[in-house]
Every structure is written in C-alpha cells, then in structure tokens.
Amino acid sequence: MLDTSRSIIQRVSVPYGDSHSFFIDVKRDDLIDPVVSGNKWRKLKYNVLKAKELGKKGILTFGGAYSNHLVATARACQLLGLQAIGLVRGEELNAQSNLTLQACTEYGMQLLFKPRSLFRNRYNPDFFTQLSKEYPDYFIVAEGGRGVLGLMGCQEIVQETPDNYTDIYLAAGTGTTAAGVLLESNSNTRIHVISALKGNFLEKDIRSMISEALGLENVDTYMSRLIIEEDAHFGKFAHVTPELLNFINLIYDVDGLPLDPIYTSKAFYQLKIDIENTLIRADDNVLFIHTGGLQGALPWSNQLNYIMQKAVSVGNDFLR
C-alpha cells in the first residue's frame, strides 16, 4: 500500500482583493505519490484490496485518452504486483497517441481501444456484468474509481485531519471524493464541491453513492451540508485561460502550492471568490483538499512556474 503520511496539512494564504490574505489549511494529497497522486490512490485503495481478496489476476478499468485515472491505475498495479487492462475510448487511438497513453504502457497496462459507443452505458450494471464475463480474472473498477469502494478510501482523507473545520473545499469529477468527504466529515461542516465539468449531475451521483454506502434511501441530512458550484469550470472541462494560469503562478509564488489547470486551480479560484463575496468569513476555519492531478499541467509546462523551475515532480519520470 502507498504511504499516505506524506499528505501533510500545509498552512497557506489565499490572496484576494487589494493586497488581502485569508489563511487556510491544505491537505496535500498530491504528495502521496508523483503518479498515483491525490484522490487517485484514495479511490483505488479498496478496489486493489478487493481484487487481492478475491484472488484476481489484476484490475480492468476504463477512461478517455487523457485519463489520469488510467495512469494511476497502471502505476498502482505495477507497484502492487497486479496486472492492469485499460479500455480506452476511441478505436482510432494507439498506445503512442499521447503522453498519458505512453505512460500507461510504460507502467505495464494493456490498452484496448474501443468504440465510443461502448461507453455510453458505462454506469449501467449490465455493462459491468458483461465485462466480468469477458474478463473473469480481473476486478472491474469504474471510470475514475467511482463507487462505494472509492468512497471508502476518500473517507480516510477526513480521518487524517482535525474535525474543527467549518468548511471543506475540493474539486470534483465523478463526485466520489466529495461523497466520501461528506460522509466522514463533522455534521456541522459545509462541503464545497467545485465541478470541473459542465452539467448538473453531481448532486444526484453523490446522493446515490452515499445512499448505497449507508443502505439508506433518505440521506437528506448529509446532502443539506453540500454546496455544489457547477459554473466554475471556466467555460468547459479542461478549458484554461491566461487569467487562470496567472492565478496558478501567483499561488505557487506566494505559497509554494502547485495547482493543476483542470481541477484544483478552479476549486481554489472559487474559494477566493467566495472569500471576496464574504461567503467565507474571517472566523471560518477552511480546509482545501488538494486532489492531485498535476500531470494534467504538462500541456502548459512552458507557462507554469513550478514546472519551469523543476520544483515539483509532475507525473512520470520519463515525461519530465
């Protein structure tokens, strides 16, 4: 298992307005591992343990051509002695199509390139049943590590932090990390979830995962503490502006905190806005969960200070 003790809590300042600063804590899950970074390991941990418990040969999972989850799964399986198969959306692709897929191959993952139509029902139980029949020696993990086993790993993020925070901020893709944090956090803590994607799906998905984890239909008590920001994606998923890149550099220069352009920077930017709009007040105690994903910064490597200064390990040794 990977050592999560590297995930320290760092005190940083959020610059806002005219030379003001607001101090918060950051849970540095990005430091767990250069590749199996942030919430990627959290969501994989109990899936890996279940695969071993069932005597499976390896893990099969799936994702897009730039999936951090695929890379993390490939590396985790390599480290823990499991085989890995990745089903990739796009039959026109190959293992050399981009750095992400090259990394998966380097870490020993067998990549199978499939038509996009295959993935339309990827959250349907029948999809998993069919994959289990085709690959009986492999434990099937949902895209992005989504699901109750992933949620269980994300609960441990909160277990490693004090319980006196009024507010917790984090970025979200599948909502699995948010569900785990919501389930484990103090009953008085507000959970601010900043979606990296367009579409109003997170509340439904988080509710579903918590309901499944608890075996309860009514989870309104938990959901009442959830604050979802659906419009902080800067236009669409993975859209990056000069303003956002400047903000990432500012935070690194001020705090030594590297943020990626896809997920964590947008969540941190929303936190700044909430402070400016006094949604977060001076006596609030805020935790920001750094969910990793720094390898997603590689396309902007010539514009980000922490990469140009080679101060941060971003992704894979052979990519640096």
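Numbering (our numbering) for the sequence shown: 93 to 412.
A virtual CB, placed ideally from N, CA and C, is assigned to each residue, including glycine.
In the DSSP annotation of this structure, the continuous segment of the alpha helix (DSSP H) that includes L363 starts and ends at 356 to 368.
With contacts defined by Cβ atoms closer than 8 Å, F339 and Y361 form a contacting pair.
With a threshold of 16 other beta carbon atoms within 10 Å, L179 meets it and is buried. In the DSSP assignment, S113 falls within the beta strand (DSSP E) that extends over 112 to 120. Using a Cβ distance threshold of 8 Å, M201 and G239 do not count as a contacting pair. The beta carbons of R134 and G267 sit about 13 Å from each other, so the pair does not count as a contact at 8 Å.
A contact is defined here as three or more CB-CB pairs under 8 Å, and the segment 96 to 116 fails this definition with respect to the segment 144 to 152. Within the segment 211 to 264, the complete alpha helix (DSSP H) segments at least 4 residues long are 217 to 226, 240 to 251, listed from N- to C-terminus. In terms of Cβ geometry, I100 and T253 do not form a close pair [threshold 8 Å]. Your pair A270 and I249 does not check out as a contact, with CB atoms roughly 11 Å apart and the cut at 8 Å. Rounded to the nearest angstrom, the gap between the Cα atoms of L241 and K132 is 12 Å. Around the beta carbon of R181, 16 or more other beta carbons lie within 10 angstroms, which makes this residue buried. For E321, the enclosing beta strand (DSSP E) covers residues 318 to 321. Under the 8 Å Cβ criterion, the segment 269 to 287 counts as touching the segment 300 to 318, having at least three qualifying pairs. Proximity to L152 across V163, I177, S129 peaks at I177, based on C-alpha coordinates. Ranking D323, L386, S277 by CA distance to the CA of Y314 puts S277 first.
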